[in-house]
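Protein chains in written order, with the numbering used here: chain A, 1 to 401; chain B, 1001 to 1401. The C-beta atom is built at its ideal place from N, Cα and C for all residues, glycine as well. Accompanying notes for the structure given below.
There are 2 protein chains.
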Amino acid sequence: MAEKELKFKILAKDRKSAARLGEIKTVHGTLLTPEFIPVGTKGTVKSLDFEQLKKINLNCFFVNTYHLHLQPGEDRVFDLGGLHRFIGWNKLLMTDSGGFQVFSQARNSSFGGRRALAGAETETLAKIDEDGVTFKSFKDGSVHRFTPEKSIEIQKKLGADIILAFDECTYYPATYEYAKKAMERTHRWAGRCLEAFKKRSRFNQGLYGIVQGSVFEDLRKKSARFVGSLPFAGLAIGGVSVGESKTEMAKVLEWVIPDLPEEKSRHLLGVGEIDDIFELVARGIDTFDCVMPTRLARMGLLLVKPQSPKKNRPKGKEFTLDITKPIYGKDESPIESDCRCETCLHHSRAYLNHLFKEKELLAYTLATYHNLWFMARLTQEIRESLGRGSFLKLRKHWLGR
Amino acid sequence: MAEKELKFKILAKDRKSAARLGEIKTVHGTLLTPEFIPVGTKGTVKSLDFEQLKKINLNCFFVNTYHLHLQPGEDRVFDLGGLHRFIGWNKLLMTDSGGFQVFSQARNSSFGGRRALAGAETETLAKIDEDGVTFKSFKDGSVHRFTPEKSIEIQKKLGADIILAFDECTYYPATYEYAKKAMERTHRWAGRCLEAFKKRSRFNQGLYGIVQGSVFEDLRKKSARFVGSLPFAGLAIGGVSVGESKTEMAKVLEWVIPDLPEEKSRHLLGVGEIDDIFELVARGIDTFDCVMPTRLARMGLLLVKPQSPKKNRPKGKEFTLDITKPIYGKDESPIESDCRCETCLHHSRAYLNHLFKEKELLAYTLATYHNLWFMARLTQEIRESLGRGSFLKLRKHWLGR
């Protein structure tokens, strides 16, 4: 059964919130939770090598099935001994189902297109039916087809420790009718994913089911109860990073979490801004992935802790420093004076500013190193606070509320 | 006096060639020679961080004065405590005079233009006169002027351990008349550089003079004797990486080296292909810089040792493996099975092929790491062979001659 493939254990619960301290055990090591999972789309967290990731103490990253399916292909990866061996990483890996990218194409191939009202189909790169999705490769236009069975087959061949059921990702805003239809299909596909997963595999993997239902309370609760009742190793909450406001994300978690079985690990897909993290941990999420810290890094936006006394940073920029601003060109101090990351220990803001100005590759490495170190220290602080029963105090320190 | 700023000592001499084992002592550590010096144009060896460079055991790199003059400017670097502190590197650094780039512009701004017969001036981005060179920035078209005094002033502000006199770099092919004129100007400028250098500086630097004279024996010998007689800390040989054949490079070294004082360290500018290295070490060169290993790496051309039995690799490709070739996409082996670099210890050719195909930043890091590790191990082997008196045997093993 799926539950045996991956072991999750709650180590402590917060008394004043739904937050919990836990651990996920896999054959590739243990992940202490709550934990942030960086994105390494094509089997590499952009600009960092694995020694650096280990030094940061990030022991899991998120790889996109869709991209690896197109290059080098799951059969190639399987022949080369699976994803861990192929890329040379002996710690945890998580893959998605490929659905997110494929359904992005179904909405439209550009990001802007995602905001079109879901349900109103136009000509797109992908076509959905009850059995699955047919789509064209964004690379060469070749035609591919994903079904629940195919997604699981690909993810088995890749062999990540945590894999995801193939769902219909509902974009935001969606009509109630479309959200319901997509949720029901996701539920039917959940059963097919579990069937496909049960077939013998040479890997020890844990399959997570996905809760959908857009921003509708009854759909979300129904989905939580249904998916939560199936024999998945863990549960993921989807469709909350596709345009909803932070208030709506909080509501979705408020509806969904109480209806999920407590003993299973919970992953939130695609969310990870600093204020989100405190919110989702408080609601009882164990792991979450997001491109934010690595993408910001490559733009020169470096994560910084809240200042005391608080600086009046513009809303949404409370936790970032834009190193490309000319003023940093003559600033001898590190990004953060109390940060112990390799970037802050050895390099000044002035050097980083210079590297970004010259578009030197080292700019991306040093910035990404800092941002991921920042995330890893933040989740470590959160875990420590959960062990000590001071989580809400920590949140207040960070967010002022 | 200049000689006191930098200490060079010969530790052993080869009996069958002019090769020597030595050490260059500076306030930022000791460099064992012969040694390869990688290029880090803008204050970073592209795609590597300094921890990686140290792990490779490369303790010096070559920074271009021209580029740092344009961004962030030498005054900025000086205000930030000099180049070492600015970039966060506490080992050796070498800067050039800026002349090479400026004179490239005088020939023409494109590489192809370098091959125009030197001496036939056309409209260019730079204008040479007896006092110096006026040139336009390739970045923004702003007008700058380098003179021997200015170049030394800039290099003092940057503060590298080894700095170079401002010379007129003769491009190849040049007329005898032009080569003579340029050499004589280089000699007059050498005196001015020494004068400018003698003025008090807060850095402990060693100034190297530069021998020019194109491919003309009498000019090269005259230049070697003249520049060799001046109180420089070391001597560099210029103008041998601008189009001459390998045979001509060997000839230039054959003419020049016997006329240089033995007790001074000798640097060869811009040369570092594998077969060149054995040639230049055999002729008595101590250090040499080249963009080759790092530039090849970013193209997916990985350095490999000679195979036994020898593979029939095409001429000029004896020491490289093109990892972008489709065949490597399914190759589980490392670049070199006996290489102990981090790339070869942890990653397969298949993964590298995938990273290059996807243009992932990690491709450049892993490839550069391997190529520089390769260079560092090669020079280490050469130094060991010089200590044991087996240098020519090593050369035969590598080159088959």
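Beta carbon of B/Ser1365 nearer than 9 Å to that of A/Ser47: What sits at residue 1365 of chain B in the sequence shown is Thr, not Ser. Taking 9 Å as the Cβ cut-off, B/Thr1365 and A/Ser47 qualify as a contacting pair.
Start-to-end residues for the alpha helix (DSSP H) that takes in B/Ser1385: That run of the alpha helix (DSSP H) goes Leu1361 to Arg1388.
Buried versus exposed, by CB contacts within 10 Å (16 or more), B/Tyr1176: Exposed is the call here.
Top-ranked residue by Cα proximity to B/Thr1033, from B/Met1375, B/Pro1258 and B/Trp1398: For B/Thr1033, the nearest C-alpha among the options comes from B/Met1375.
Where B/Leu1011 falls, given that 16 or more other Cβ within 10 Å makes a residue buried: So B/Leu1011 ends up on the exposed side.
Residues that A/Tyr328 bridges to, as DSSP identifies them: A/Tyr328 is not bridged to any residue.
Segment limits, beta strand (DSSP E) that includes B/Ile1163: From DSSP, the beta strand (DSSP E) with B/Ile1163 extends over Ile1162 to Leu1164.
A/Leu117 - DSSP class collapsed to helix/strand/coil: For A/Leu117, the predicted structure reports a pLDDT of 44, less than 50, and the residue's modelled location is therefore unreliable. The matter cannot be settled from this model.
Short Cβ contact (9 Å threshold) for A/Arg15 with A/Gly284: With a cutoff of 9 Å on beta-carbon distance, A/Arg15 and A/Gly284 are scored as not near each other.
Distance cut-off 8 Å: A/Gly389 Cβ against heavy atoms of the ligand HEM: Only the bare structure without any ligand can be found here, which leaves the ligand HEM out of the picture.
Where A/Met94 sits in the DSSP three-state scheme: The answer is strand: DSSP assigns A/Met94 an E or B state.
Residue-chain proximity (A/Lys157, chain B), Cβ-Cβ < 9 Å: At a cut-off of 9 Å between C-beta atoms, A/Lys157 does not count as an interface residue with respect to chain B.
Check whether A/Ile277 and A/Thr379 have beta carbons under 9 Å apart: The answer is yes: Cβ separation under 9 Å.
Minimum Cβ-Cβ distance from B/Glu1358 to chain A less than 9 Å: Chain A contact via Cβ: present.
Closest residue to A/Phe319 among A/Arg340, A/Glu336, A/Pro326 and A/Glu279 (Cα-Cα distance): Minimum Cα-Cα distance from A/Phe319 among the listed residues A/Arg340, A/Glu336, A/Pro326 and A/Glu279 corresponds to A/Glu336.
CB of A/Gly22 within 9 Å of CB of A/Leu93, strictly: Going by C-beta atoms, A/Gly22 is not nearer than 9 Å to A/Leu93.
Simplified DSSP state of B/Lys1055, which is helix, strand or coil: Reduced to three states, the DSSP call for B/Lys1055 is helix.
Any C-beta of chain A under 9 Å from that of B/Lys1325: It does not; no Cβ of chain A falls within 9 Å.
Segment limits, alpha helix (DSSP H) that includes B/Pro1148: B/Pro1148 -> alpha helix (DSSP H) spans Pro1148 to Leu1158.
Exposure of A/Ile274, with buried meaning 16 or more beta-carbon neighbours within 10 Å: The residue is buried, with at least 16 neighbouring Cβ atoms inside 10 Å.
Inter-residue CB distance, A/Thr402 and A/Thr65 (contact presumed, cutoff 8 Å): The question about residue 402 of chain A has no answer, for chain A in this structure spans 1 to 401.
For A/Ile323, the residue or residues it bridges with in DSSP: For A/Ile323, which the question treats as bridged, DSSP gives no partner whatsoever.
Within-9 Å CB hit, A/Ile87 to chain B: The C-beta of A/Ile87 comes closer than 9 Å to at least one C-beta of chain B.
Neighbourhood of B/Thr1423 by C-beta distance below 6 Å, restricted to the same chain and skipping five residues each side: Beyond the ends of chain B as shown, which are 1001 and 1401, falls residue 1423 of chain B; an answer cannot be given.
Residue-chain proximity (B/Thr1033, chain A), Cβ-Cβ < 9 Å: With a threshold of 9 Å between beta carbons, B/Thr1033 makes no contact with chain A.
Local Cβ density within 10 Å of A/Thr247, reported as buried at 16 or more and exposed below that: Flag for A/Thr247 reads exposed.
A/Ser223, buried or exposed, once every other Cβ within 10 Å from all chains shown has been counted against 16: By the neighbour-count rule (16 or more Cβ atoms within 10 Å), A/Ser223 is buried.
Extent of the continuous beta strand (DSSP E) to which B/Glu1023 belongs: B/Glu1023 -> beta strand (DSSP E) spans Arg1020 to Thr1026.
Residue burial classification, A/Gln205 (beta-carbon count within 10 angstroms, cutoff 16): Buried: at least 16 other Cβ atoms inside 10 Å.
Beta-carbon contacts of A/Ser333 that lie in its chain and below 7 Å, excluding the five residues immediately before and after: Only Ser348 and Arg349 meet the Cβ criterion.
Nearest-angstrom Cα separation, counted from B/Tyr1208 out to A/Phe61: Between A/Phe61 and B/Tyr1208, the C-alpha separation is close to 50 Å.
Anticipated Cβ contact below 8 Å, B/Ile1056 with B/Thr1287, distance rounded: At roughly 16 Å, the Cβ-Cβ gap does not stay under 8 Å, so B/Ile1056 and B/Thr1287 are not in contact.
Residue-level contact to chain A via CB, B/Ala1018, 9 Å cutoff: The beta carbon of B/Ala1018 sits no closer than 9 Å to any beta carbon of chain A.
Meets three-Cβ-pair contact criterion under 8 Å: the segment 229-237 of chain A and the segment 250-267 of chain A: Counting Cβ pairs under 8 Å, three or more are found: they touch.
Residue range of the unbroken beta strand (DSSP E) whose run includes A/Ile10: For A/Ile10, the enclosing beta strand (DSSP E) stretches over residues Lys7 to Lys13.
Limits of the beta strand (DSSP E) - the one that B/Ile1237 falls within: Its beta strand (DSSP E) spans residues Gly1234 to Ile1237.
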